[in-house]
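Residue numbers (full-length UniProt numbering): 1 to 131.
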């Protein structure tokens, strides 16, 4: 049985997985300039390189499954759920939707409850069809 907390955790994991995916690059364009080999003293002022380890295939599958769940929600609910999954603050969410924090929280809980109910309904149907 799916709970609201399970659904929220799955959305948070999906947002993290999406963040860890490699950036999309346009195919067909390349740079003909030679690679610049910098001296060690030149790299001291540069930015630190951020290494993101790619997600495992199971995490990508769970992310894709989670992205299908948002089809059960309205557009406003989708934005709210993804903003919260990306760990945006309630102040930013309230500003975006023009409502109070408790109202935003209630709407977020309602959207997660819709998804949890649909998932539980699917689970019950699958169990009933097996017996």
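Virtual Cβ for every residue (Gly too), placed ideally from N, Cα, C. Note that the structure is predicted; figures quoted are calculated from it, not measured.
Start and end of the alpha helix (DSSP H) containing residue 58?
Taken as a continuous stretch (DSSP letters only), the alpha helix (DSSP H) holding residue 58 covers 57–69.
Buried or exposed for residue 63, please, with buried defined as at least 16 other CB atoms from any protein chain shown within 10 angstroms of its CB.
Label assigned to residue 63: buried.
For residue 144, the three-state DSSP class (helix, strand or coil):
Any property of residue 144 remains undetermined from this structure, which presents the chain solely from 1 to 131.
Proximity of residue 8 and residue 130 at Cβ, strictly below 7 Å:
no
Write down the C-beta distance between residue 85 and residue 93 rounded to the nearest angstrom, noting that I regard them as a contact closer than 8 Å.
In fact, because the Cβ distance is near 11 Å, the residues do not count as touching under 8 Å.
Between the CA atoms of residue 49 and residue 90 - distance to the nearest angstrom:
30 Å
Distance between residue 2 and residue 119 (C-alpha atoms, nearest Å):
7 Å
Whole-number beta carbon distance between residue 14 and residue 66, since they are thought to touch under 8 Å:
Right, their Cβ atoms sit about 4 Å apart.
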